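Comments concern the structure below.
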Amino acid sequence: ARERFVAIFDEVKKEFNFVFSKFFEGGQADLVLSDPSNPLTSKVDIAVRMKGKRLKVINQLSGGERTLLAVSLLLALYLVKPAPFCILDEIDAPLDDANVVRFNKFLRDLSQRTQVVIITHNRATMEYADYLYGLTMEKRGQSKVISAKLADLEKLNPDA
Amino acid sequence: ARERFVAIFDEVKKEFNFVFSKFFEGGQADLVLSDPSNPLTSKVDIAVRMKGKRLKVINQLSGGERTLLAVSLLLALYLVKPAPFCILDEIDAPLDDANVVRFNKFLRDLSQRTQVVIITHNRATMEYADYLYGLTMEKRGQSKVISAKLADLEKLNPDA
Amino acid sequence: MKIKEIKLYGFKSFPGETKIVLDRGITAFVGPNGSGKSNIFDALRWVFGEQSMKALRCERIEDLIYVSPVPKDDANFTEISITVDNEDFFPQFGGEFEIKRKFYRSGESEFYLNRVRCRLQDIQALFLNSGTLTYSFLELSEIEKIIQGNTKEMFDDVS
Amino acid sequence: MKIKEIKLYGFKSFPGETKIVLDRGITAFVGPNGSGKSNIFDALRWVFGEQSMKALRCERIEDLIYVSPVPKDDANFTEISITVDNEDFFPQFGGEFEIKRKFYRSGESEFYLNRVRCRLQDIQALFLNSGTLTYSFLELSEIEKIIQGNTKEMFDDVS
Ligand SMILES: Nc1ncnc2c1ncn2[C@@H]1O[C@H](COP(=O)(O)OP(=O)(O)OP(=O)(O)O)[C@@H](O)[C@H]1O
Ligand SMILES: Nc1ncnc2c1ncn2[C@@H]1O[C@H](COP(=O)(O)OP(=O)(O)OP(=O)(O)O)[C@@H](O)[C@H]1O
Ligand SMILES: [Mg+2]
Ligand SMILES: [Mg+2]
């Protein structure tokens with residue numbers, strides 16, 4: 284179990300660094316075992332170095348940067364051990380327009396092997412999806428699901 | 284001090300209900316003192332009843348509904364005792380398009396007496412503002428502020 | 205493996221039966237605040253064996269059952285079933301299988317695997333505990349947990 | 205009362221001096237992730253007397269001073285000053301006054317009110333403690349705190 288863990292851990296580390304440097308156009312991300320002699324019980328910490336910056340403090344990252352960092356690790360895990368589904372709830376909310384595009388491109392890669400379901404308010408992400416479902420409450424308090432094209436949804440929520 | 288507190292508390296309660304029912308197109312919001320006999324040391328809880336729903340459970344509110352609820356209380360406080368400034372950081376991120384419009388309308392009212400500064404990624408909010416500043420990092424890691432019109436900003440971040 | 209269909213009955217803001225067909229690729233759920241998007245997210249967590257009330261955003265398990273504006277229209281039970289198109293993960297169940305979880309207002313719970321009654325542990329063993337779903341659900345509020353180094357759980361199941 | 209101008213020097217991601225003119229009405233700050241928007245939010249909290257490292261998103265107060273990619277270009281101190289256009293709040297200071305807060309890498313702090321040295325408590329008494337700013341700053345992560353009933357602080361200063 285220990286050798287298996289270390290082998291997989293090293294692979295995730297590599298992929299994490301790869302995805303991170305794509306999102307942040309450079310820089311390095313690393314996973315550090317707090318107790319390397321006991322990998323199975325050790326805590327896993329994240330260390331980050333942004334391109335062109337000396338600081339390594341995770342606390343100073345901005346709202347959008349923290350989201351991208353967490354998503355980089357998630358995607359790295361999927362690259363090493365693909366899970367059948369990936370269900371995301373408004374993960375793109377803190378991202379600026381350019382990072383939403385990068386995020387969606389990674390989702391596209393991920394969706395080759397994994398079924399992706401995403402909840403979003405972001406029009407760019409809606410346009411990127413293969414299928415779109417709209418939720419509405421025709422009667423107050425009662426959810427209804429309609430399958431929709433983007434153009435239909437605009438009609439449904441007129442002030443949207 | 285006690286009479287003053289109770290008088291202001293009742294006023295905020297009234298305004299809170301007013302703002303809430305505007306955001307949620309009906310329903311009631313209330314502020315409850317956990318220990319009414321000792322108002323100055325009592326905790327203040329929020330009670331909510333959405334229009335057309337029997338449930339009163341705050342935990343079941345959605346992400347956007349929780350944001351609107353908190354913003355309703357904030358606006359009620361400003362209506363009762365206007366503070367000179369109001370500085371908001373990405374408060375509009377969880378809101379859908381229709382609620383962003385309502386939110387901005389309230390900000391417009393608020394800005395008659397209070398100076399409002401808002402950080403946002405939402406284009407509708409940018410269009411609503413009187414003044415717009417763009418932040419950019421021409422040299423990596425170095426922030427620069429440029430005053431901008433919306434059209435200029437599009438040029439600055441081409442894939443935005 | 206992929207989810208072919210989700211059926212919700214009396215779950216949170218879904219009063220009667222709601223059927224959602226899913227396919228491979230990326231499916232987006234959109235809609236106004238409070239329209240029921242995250243309730244679908246909760247439904248999927250629950251059917252795969254989630255037991256934490258906090259993760260399901262409720263105080264008691266009864267809160268999962270649809271409550272109507274008029275008491276007589278309240279649902280008496282809630283039921284989520286998913287049909288899974290299965291090629292690569294669980295060969296023992298053939299090409300397609302169904303998981304169902306039911307909870308009655310009276311307090312009883314029922315679990316089904318291919319329409320045969322089973323225990324919660326059986327479903328959890330397939331999904332939650334087998335590592336298949338450890339990092340399959342991500343919502344914005346969990347980003348801070350990951351950044352602060354609570355990633356050990358994600359690793360435990362990878363190996 | 206309104207903020208007429210914010211001047212930042214060596215504060216977080218702002219290396220040299222940055223001047224931002226503000227007016228009445230609504231001013232929006234926009235820009236890519238990590239470009240420095242929330243750093244301006246922190247700068248305003250700090251100049252008004254904020255002392256909590258957590259609220260300023262840093263571990264030690266030194267983290268507020270600009271760190272460059274090349275050590276020799278690091279700032280030696282950070283300084284925030286705001287010019288306030290004052291009609292209705294603090295008549296004792298006349299039509300306009302300036303608040304300044306400075307911190308040196310060596311560890312010293314300086315506070316100024318209209319270019320006269322003062323103490324932190326003097327600035328806090330004007331703003332943070334006078335209730336003027338108790339609910340003036342709101343970021344997304346605080347929404348949960350308000351919903352769960354931690355609103356007492358907002359009320360204390362209203363009365
Ligand atoms: N048992 C229940 N019966 C009826 N309605 C319920 C029940 N549980 C939750 N709800 C309702 O579901 C709504 C929340 O839905 P949900 O969290 O899915 O919204 P959402 O579409 O994710 O919105 P947002 O975009 O704001 O995140 C709430 O208004 C709540 O009152
Ligand atoms: N002392 C410092 N010296 C240099 N850079 C710093 C310092 N403190 C913070 N930073 C940098 O400032 C950046 C964060 O800026 P900020 O949080 O203001 O971004 P933002 O514009 O709010 O982004 P978002 O849209 O993602 O919320 C980080 O990349 C961080 O490295
Ligand atoms: Mg939601
Ligand atoms: Mg920010």
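Chains as they are written, first to last, in the numbering used here: chain A, 284 to 443; chain B, 284 to 443; chain C, 205 to 363; chain D, 205 to 363.
Don't be surprised by glycine CBs; every beta carbon is placed ideally from N, CA and C.
This structure is a prediction, so every number in the text was calculated from the model and none was measured.
**Message:** If you measure between the beta carbons of B/L360 and B/L393, is that distance less than 8 Å?
**Reply:** For the purposes of this step, residue 360 of chain B is taken as the residue at position 77 of the second sequence. For the purposes of this step, residue 393 of chain B is taken as the residue at position 110 of the second sequence. Contact flag unset, no.
When DSSP labels each residue in this structure, what does B/S355 get in the three-state scheme?
The count along the second sequence starts at 1 and reaches residue 355 of chain B at position 72. Looking at B/S355 - three-state DSSP - the assignment turns out to be helix.
Look at A/K326 and C/G235 and say whether their C-beta atoms are less than 8 Å apart.
Locating residue 326 of chain A in the first sequence gives position 43, where the first residue counts as 1. Locating residue 235 of chain C in the third sequence gives position 31, where the first residue counts as 1. No, the pair does not count as a contact, with Cβ atoms beyond the cut-off.
* Extent of the continuous alpha helix (DSSP H) to which D/Y339 belongs -> Walking along the fourth sequence from the start, residue 339 of chain D turns up at place 135. Counting along the chain, D/Y339 falls outside any alpha helix (DSSP H), and DSSP gives it neither H nor E.
Three-pair Cβ contact test at 8 Å for the segment 249-259 of chain D versus the segment 426-435 of chain B: no
- Under 8 Å from the C-beta of C/S242: neighbouring residues of chain B: The sequence position of residue 242 of chain C within the third sequence is 38, counting from 1. By Cβ distance, chain B contributes S345 and G346.
Which residues in chain B have a C-beta closer than 8 Å to the C-beta of D/S340? List them in chain order.
Taking the fourth sequence and counting its residues from 1, one reaches residue 340 of chain D at position 136. Residues of chain B passing the Cβ test: A366, P367, F368, C369 and I370.
Measure the alpha-carbon distance for C/A329 versus C/T231 and round it to whole angstroms. The residue given as residue 329 of chain C occupies position 125 in the third sequence. The residue given as residue 231 of chain C occupies position 27 in the third sequence. Taking the straight line from one Cα to the other gives about 27 Å.
Problem - Rounded C-alpha distance that separates B/P319 from B/E298 - result: Start at 1 with the first residue of the second sequence, and residue 319 of chain B comes out as number 36. Start at 1 with the first residue of the second sequence, and residue 298 of chain B comes out as number 15. Near 20 Å, if we compare the C-alpha coordinates of B/E298 and B/P319.
Next on the checklist: I'd like the list of long-range same chain contacts for A/M420, defined as Cβ closer than 8 Å, with 5 residues on each side in sequence excluded.
Outcome noted: As a first step, residue 420 of chain A must be located in the first sequence, where it is residue number 137. These residues qualify, in order along the chain: S426 and K427.
Quick check on D/K211: buried or exposed, where buried means 16 or more other Cβ atoms within 10 Å of its Cβ?
Locating residue 211 of chain D in the fourth sequence gives position 7, where the first residue counts as 1. Classification for D/K211: buried.
Requested in this report: Mark A/T324 as exposed unless 16 or more other C-beta atoms lie within 10 angstroms of its C-beta, in which case mark it buried.
Outcome: Along the first sequence, one-based indexing puts residue 324 of chain A at 41. Flag for A/T324 reads exposed.
**Prompt:** For a contact meaning CB atoms closer than 8 Å, what does A/N382 contact in chain D?
**Reply:** Numbered from its first residue, the first sequence carries residue 382 of chain A at position 99. Ordered by position in chain D, the residues that pass the 8 Å Cβ test against A/N382 are P236 and N237.
From A/D413 to C/A259, what distance separates their C-alpha atoms? Numbered from its first residue, the first sequence carries residue 413 of chain A at position 130. Numbered from its first residue, the third sequence carries residue 259 of chain C at position 55. The alpha-carbon atoms of A/D413 and C/A259 are separated by roughly 28 Å.
### Query
Going along chain C, which residues have a C-beta under 8 Å from B/L378?
Mapped onto the second sequence, residue 378 of chain B falls at position 95. Correct list: N237.
(Q) Taking the alpha carbon of D/L317 as the reference point, which residue from D/E343, D/G311 and D/I327 has its own alpha carbon closest? (A) Taking the fourth sequence and counting its residues from 1, the one referred to as residue 317 of chain D is at position 113. Here the closest residue by C-alpha is D/I327.
Checklist entry - With B/F368 and B/T397 assumed to form a contact (beta carbons below 8 Å), what rounded beta-carbon distance in angstroms separates them? => result In the second sequence, counting from the first residue as 1, residue 368 of chain B sits at position 85. In the second sequence, counting from the first residue as 1, residue 397 of chain B sits at position 114. The pair is a contact, with the Cβ atoms about 7 Å apart (cut-off 8 Å).
| Residue-chain proximity (C/D374, chain B), Cβ-Cβ < 8 Å | Residue 374 of chain C falls outside the range modelled here, since chain C spans only 205 to 363, and no answer is possible.
**Message:** Looking only at its chain, what residues have a beta carbon closer than 7 Å to the beta carbon of B/S317, apart from the 5 residues adjacent to it on each side?
**Reply:** On the second sequence, position 34 is the one that residue 317 of chain B refers to. Excluding sequence neighbours, B/S317 sits near S325, K326 and D328.
Original post:
Under the criterion of a Cβ to heavy atom distance below 7 Å, does A/I370 qualify as lining ligand 3?
Top reply: Your numbering for residue 370 of chain A matches position 87 in the first sequence. No, ligand 3 has no heavy atom inside 7 Å of this Cβ.
What do you reckon, are the CB atoms on D/I350 and B/L356 nearer than 8 Å? Against the fourth sequence, residue 350 of chain D aligns to sequence position 146. Against the second sequence, residue 356 of chain B aligns to sequence position 73. A contact, by the Cβ cut-off of 8 Å.
Q. So is A/R337 in contact with chain D if we call contact Cβ pairs under 8 Å?
A. Here residue 337 of chain A refers to the residue found at position 54 of the first sequence. Yes, A/R337 counts as interfacial toward chain D.
- request: May I have the straight-line CA-CA distance separating D/V274 from D/F218, to the nearest angstrom?
  value: Walking along the fourth sequence from the start, residue 274 of chain D turns up at place 70. Walking along the fourth sequence from the start, residue 218 of chain D turns up at place 14. Computed Cα separation, rounded: 15 Å.
- Give the secondary structure of A/A443 by DSSP, where H, G and I count as helix, E and B as strand, and everything else as coil. In the first sequence, residue 443 of chain A corresponds to position 160, counting from 1. Only weak support exists for where A/A443 lies, its pLDDT of 41 falling under 50; the value from the coordinates is given anyway. Three-state DSSP puts A/A443 in coil, outside helix and strand.
Q.
Taking 8 Å as the threshold (C-beta atoms), are A/N342 and D/E263 in contact?
A. Against the fourth sequence, residue 263 of chain D aligns to sequence position 59. Against the first sequence, residue 342 of chain A aligns to sequence position 59. Yes, the pair counts as a contact, with Cβ atoms nearer than the cut-off.
**Prompt:** At least one CB of chain B closer than 8 Å to the CB of A/R391: is that the case?
**Reply:** Position 108 of the first sequence, counted from the first residue, corresponds to residue 391 of chain A. Answer no: the Cβ-Cβ gap between A/R391 and chain B never drops below 8 Å.
task = Confirm the yes/no value for this check: CB of A/G424, any heavy atom of ligand 3, distance under 7 Å.
result = Looking up residue 424 of chain A in the first sequence gives position 141. Result no, Cβ not under 7 Å from ligand 3.
Mind listing the chain F neighbours of B/V340? Cutoff is C-beta to C-beta under 7 Å, in chain order. Absent from the structure is chain F; the protein chains it does hold are A, B, C and D.
(message) On a Cα-Cα basis, can you pick out the residue from B/R385, B/N321 and B/F306 that is closest to B/M333?
(response) As a working note, residue 333 of chain B is residue 50 in the second sequence. If we check each option's Cα against that of B/M333, B/F306 comes out closest.
Worksheet item: Cβ of A/I402 within 7 Å of any heavy atom in ligand 3?
Response: Here the question's residue 402 of chain A lines up with position 119 in the first sequence. Within 7 Å of the C-beta of A/I402 there is at least one heavy atom belonging to ligand 3.
*Output the distance between the C-alpha atoms of A/G309 and B/G346, rounded to the nearest integer angstrom.*
Locating residue 309 of chain A in the first sequence gives position 26, where the first residue counts as 1. Locating residue 346 of chain B in the second sequence gives position 63, where the first residue counts as 1. Using only the alpha carbons, I get a separation of about 33 Å.
Query raised in the report: If the cut is a Cβ gap below 9 Å, which residues of chain B does D/F218 touch?
Result: Taking the first residue of the fourth sequence as position 1, residue 218 of chain D is located at position 14. Chain B residues near D/F218: Q425, S426, K427 and V428.
- Query: Using a Cβ-Cβ cut-off of 8 Å (strictly less than) and excluding sequence neighbours within five positions of C/M205, which residues of its own chain qualify?
  - Reply: Here residue 205 of chain C refers to the residue found at position 1 of the third sequence. Take C/M205, set aside five residues on each side of it, and the residues of its chain with a beta-carbon closer than 8 Å to its own are V288, D289, N290, E291, D292, F293 and F294, in chain order.
Interface partners of D/V273 on chain A, CB under 7 Å: Within the fourth sequence, residue 273 of chain D is the residue found at index 69, counting from 1. Here residue 273 of chain D is Pro; the residue named in the question, Val, does not match the sequence. For D/P273, the neighbours in chain A by C-beta distance under 7 Å run, in chain order, G335, K336 and R337.
Output needed for A/D442: all residues of its chain with C-beta closer than 6 Å, excluding positions within five of it in sequence on either side, in chain order. The count along the first sequence starts at 1 and reaches residue 442 of chain A at position 159. A caution first: A/D442 carries a pLDDT of 48, below 50, which makes its placement in the model unreliable, though a value can still be read off. Excluding sequence neighbours, A/D442 sits near nothing in its chain.
Note to self: By the three-class DSSP mapping on this structure, what secondary structure does B/V363 have?
What the structure shows: The residue given as residue 363 of chain B occupies position 80 in the second sequence. Residue state, collapsed to three classes: helix.
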